[in-house]
Ligand SMILES: Cc1cc2nc3c(=O)[nH]c(=O)nc-3n(C[C@H](O)[C@H](O)[C@H](O)COP(=O)(O)OP(=O)(O)OC[C@H]3O[C@@H](n4cnc5c(N)ncnc54)[C@H](O)[C@@H]3O)c2cc1C
């Protein structure tokens, strides 16, 4: 790619391209995550020239399979939400869904604490209470409580739950179950429970009837990436090219500044994470983004959720998943730690961290982390002989400069804006009224944000938008 505009910038303060030249330039897709890949696939099918500019040296973004034995562990996306979406269709068609493991993942769990195991009727009673909460919070949201944080609603409901007869005497056990449940929700939504709001229960919808989270087999998202990207020729990718500037000031073309040089584009489709936009939007775009767009970027939440795999010599746990709570003074274990056994490699355990535990885990070396987790397991799983793990496998997403967190969620501020995801998705038009800078990626989807499904659908949406504008001659 050449850099025609670079010489003009100091003179006129804008990158200029003639209309005739602009339309011959490629569409620049920024990011090779699921949204960028689906964008590429559809541009390829429409025979529209394009280039996918990716800061990393690989495709996938937050879908990050890592080779392990004869399969792949997933640093990022692992499950598929529901069966009524294109990602599930790909998984089903390629025999990637592990239905047995999916069923096990639904089982209720006892909670192991330093003071003993909470199990039996305490857990059943508490599970019966929490089972109804998603639907309840959806109705609360519809009924005018959309901006209410989860903690507020949950605290009230939990107090009512405790009022029923013979529960007060079991309060300390229920308190621990309530804490574990809140931490599970926080992990699920990748958001502090004081920040994510009931609107999430209303707006988020994977479009399926049963809302099942499907577990995949050892090929999982590796195969899904292969299938999605299969029609994109290698020469369409420009890897190791971090975009540092998106100049659309000419009004009829876009010039990217990247770590490997300038790229002239007919238009751009930006698929970078909301985390990246939050940190860099102010310096990334020229001219600056509109107030509306900036407000949406600031208002939407971009959370932290983190998984860590520990590998042991051999399997040593009997169930498929566990819940534990350490002392309240511990930032990492005090609010509860859930973990599950990898269905296809039983000696590999996946630990889930959320909230303040994420940066606390981020500060530890692998050696320290193995030591901390082992001590925690010894003090809570007292009826097991806890072995020493061999190694840690993890990718700290909040430290990844091209992601800066895990995924998006609705906050009180975003609810106040109406549909903040749609505001983020709104394209910037050029002087001809056609889309010049478009936005895709999970956070730009109003119902399946957070997911690979949302990412995929937004890539599809933006290419449709582009084609429809190009076909519209007016
Ligand atoms: C730990 C974790 C677990 C998850 N679990 C699930 C799950 O079970 N199921 C599910 O459906 N989803 C899950 N998700 C969410 C899912 O991974 C994301 O929603 C989805 O992959 C986002 O895709 P995207 O294309 O929108 O963004 P990304 O995957 O973030 O892609 C953006 C791409 O842009 C690149 N990029 C960023 N900035 C620049 C720049 N300046 N220049 C060039 N390139 C740039 C990045 O490197 C990246 O490749 C999980 C995410 C995490 C972190």
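Residue numbers (mature numbering (1 follows the signal peptide of the UniProt record, and there is no 0)): -22 to -1, 1 to 452. Beta carbons: idealized from backbone N, C-alpha and C, even for Gly.
Is the beta carbon of residue 302 closer than 8 Å to that of residue 7? no
Output the distance between the C-alpha atoms of residue 376 and residue 336, rounded to the nearest integer angstrom. 8 Å
Going by C-alpha distance, which of 414, 244 and 196 is nearest residue 45? 196
Going straight from the alpha carbon of residue -16 to that of residue 410, what length do you get? Residue confidence for residue -16 is low, a pLDDT of 29 falling below 50, so the modelled location carries little weight; the figure read from the coordinates is stated next. The straight-line gap from Cα to Cα measures roughly 25 Å.
Starting from residue 405, trace the alpha helix (DSSP H) in both directions and tell me its first and last residue. No alpha helix (DSSP H) holds residue 405; DSSP gives it neither H nor E.
What residues match up with residue 318 in a beta bridge as DSSP calls it? 299 and 328
Confirm the yes/no value for this check: CB of residue 375, any heavy atom of ligand 3, distance under 7 Å. Inclusion of ligand 3 in the displayed structure is not the case, the ligand content consisting of ligand 1 alone.
Does residue 434 come out as helix, strand or coil in the three-state DSSP assignment? helix
With 16 other CB atoms within 10 Å as the buried threshold, where does residue 113 fall? exposed
Is it buried or exposed for residue 423, if we count other Cβ within 10 angstroms and need 16 for buried? buried
From which residue to which residue does the beta strand (DSSP E) around residue 7 run? 5 to 8
Residue 215 to residue 313, Cα distance in whole Å? 43 Å
Report buried or exposed for residue 105, applying the criterion of at least 16 other Cβ atoms within 10 angstroms of its Cβ. exposed
Suppose you measure from the CA of residue 255 to the CA of residue 207; what does that come to, to the nearest Å? 25 Å
Helix, strand or coil: how does DSSP classify residue 453 here? There is no way to answer for residue 453, as the model of the chain reaches only from -22 to 452.
Given 7 Å as the limit, tell me if residue 285 has its C-beta closer than that to any heavy atom belonging to ligand 1. yes
Return yes when the C-beta of residue 180 is under 7 Å from any heavy atom of ligand 1, and no when it is not. no
Is the closest heavy atom of ligand 1 to the C-beta of residue 495 under 7 Å? Outside the displayed span of the chain (-22 to 452) sits residue 495, for which this structure offers no information.
Is it true that the stretch 18 to 37 meets the stretch 353 to 370, where meeting means three or more beta-carbon pairs spaced less than 8 Å apart? no
State the Cα-Cα distance for the pair residue 390 and residue 134, rounded to the nearest angstrom. 18 Å
Going straight from the alpha carbon of residue 172 to that of residue 161, what length do you get? 11 Å
Would you check whether ligand 1 has a heavy atom nearer than 7 Å to the C-beta of residue 11? yes
Would you check if the stretch 275 to 283 and the stretch 239 to 257 touch, i.e. whether three or more CB-CB distances between them fall below 8 Å? yes
Taking residue 454 as the reference, give the member of 308, 23, 217 and 39 with the closest Cα. Outside the shown range of the chain, which is -22 to 452, sits residue 454, and nothing can be said about it.
Near residue -20, what residues of its chain come up, given a Cβ to Cβ distance below 6 Å and the 5 sequence neighbours on each side ignored? Here residue -20 scores only 31 on pLDDT, less than 50, and its place in the model should not be relied on; the value that follows carries that caveat. 240.
Extent of the continuous alpha helix (DSSP H) to which residue 117 belongs: 111 to 118
Per-residue DSSP class, three states only, for residue 264: strand
In or out: residue 16 buried (at least 16 other Cβ within 10 Å) or exposed? buried
So, using beta-carbon positions, are residue 384 and residue 283 closer together than 8 Å? yes
So does residue 144 have its beta carbon nearer than 7 Å to some heavy atom of ligand 1? no
Taking a contact to mean a Cβ-Cβ separation below 8 Å, would you say residue 444 touches residue 421 in this structure? no
Can you name the residues that DSSP bridges to residue 191? 59
Can you tell me where the beta strand (DSSP E) holding residue 413 begins and where it ends? 413 to 417
Proximity below 8 Å, CB of residue 33 to CB of residue 219: yes
Quick one: what's residue 386 bridged to in DSSP? 280
Could you tell me how far apart the beta carbons of residue 338 and residue 316 are, in whole angstroms, since I believe they sit closer than 8 Å? About 16 Å separates the two Cβ atoms, so there is no contact after all.
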